[in-house]
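Structure record follows, encoded as structure tokens.
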Amino acid sequence: MKLLVKFIESLSKFGAYLSALTLIVMVSFILFEIVLRTVFDSSTFIMDEMVGYGVAAATFLALPHALGEGAIIRVELLLGHVSVRYRKCLEIFSCLVGLGVVWVLISFVWLRVARAWARNSVSSSIAEVPMWIPEGVILTGLCLLFLQLVALILRQFIAGPDPDAKTS
């Protein structure tokens, strides 16, 4: 079980690295566009579209790692006042609810990706980006998020008692 959790964490970390690379590419593209506009009085005419795809990719690829590292804002009003056993039960319950929500999102995005692939849908810009590519990146991030929620549930069973938690 620990090996599976470590594997999922590695996948999430890889997603975070891809997210960071996406941010670097976006900033570089914006700087390139600035130089084109100011020095050469020209444009790529696709910067806003590509940066939009980049923001979506960076968000969805970084989300699983942020969740696994506890970097997402949490309201611990209830968790801070219950025993370790109830805290674990609440953590598992919230992860199960999250799994359900993420599964619905995965199902919806999967249908969009499959439809875009089957119809050879492209964006309406001059770039004509095949829509299955940005939607597929979002699907990948959601799948990583689903796996990270599974890892969080597994961690509740393999982790020892939390020294900061209130004991009963």
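Using the numbering used here, read the sequence shown as starting at 1344 and increasing by one per residue. We put the CB at the ideal spot given by N, CA and C, even for glycine. No experiment lies behind these values; they were computed from the predicted model shown.
Item: Are there 16 or more other CB atoms within 10 angstroms of the CB of Leu1478, so buried, or fewer, so exposed?; Value: Strictly speaking, residue 1478 in this sequence is Glu, with Leu absent from that position. Result: buried.
Item: Excluding sequence positions up to five away, which residues of its chain have a Cβ less than 7 Å from the Cβ of Gln1491?; Value: Ile1351, Ser1355, Pro1407, Leu1410, Gly1411
Item: Where does Tyr1396 land, buried or exposed, given buried means 16+ other C-beta within 10 angstroms?; Value: buried
Item: My output table needs one value for Ser1450: the three-state DSSP class, helix, strand or coil.; Value: helix
Item: To the nearest angstrom, report how far apart Ser1371 and Ile1415 are at their CA atoms.; Value: 27 Å
Item: Output needed for Leu1497: all residues of its chain with C-beta closer than 7 Å, excluding positions within five of it in sequence on either side, in chain order.; Value: Met1344, Leu1347, Val1348
Item: With distances taken between CB atoms, is the gap from Ser1464 to Arg1458 smaller than 9 Å?; Value: yes
Item: If you draw a straight line from the C-alpha of Met1474 to the C-alpha of Ala1461, how long is it?; Value: 11 Å
Item: Would you identify the three-state DSSP class for Val1418, choosing helix, strand or coil?; Value: coil
Item: Which residue wins for smallest C-alpha separation from Val1493, given the options Trp1453, Ile1435, Val1418, Leu1482?; Value: Ile1435
Item: I want to check one thing, is the minimum distance from the CB of Leu1454 to the heavy atoms of the ligand HEM below 8 Å?; Value: Within the structure as shown, the ligand HEM is missing, as the structure has no ligands at all.
Item: Does Ile1501 pass the burial test, meaning 16 or more other C-beta atoms within 10 Å, or should it be called exposed?; Value: exposed
Item: Can you check DSSP and say which residues form a bridge with Val1465?; Value: Pro1473
Item: So Ala1399 packs on Ile1481, CB below 8 Å; how close in whole Å?; Value: 6 Å
Item: Based on Cα-Cα distance, which residue from Ser1467, Val1418, Thr1402 lies nearest to Leu1487?; Value: Thr1402
Item: Between Leu1379, Arg1428, Phe1489, which lies nearest to Cys1438 when the distance is taken from Cα to Cα?; Value: Phe1489
Item: Suppose the cutoff is 8 Å on Cβ atoms and the five residues either side in sequence are ignored; what does the same chain contact list for Glu1376 look like?; Value: Ser1386, Thr1387, Met1390
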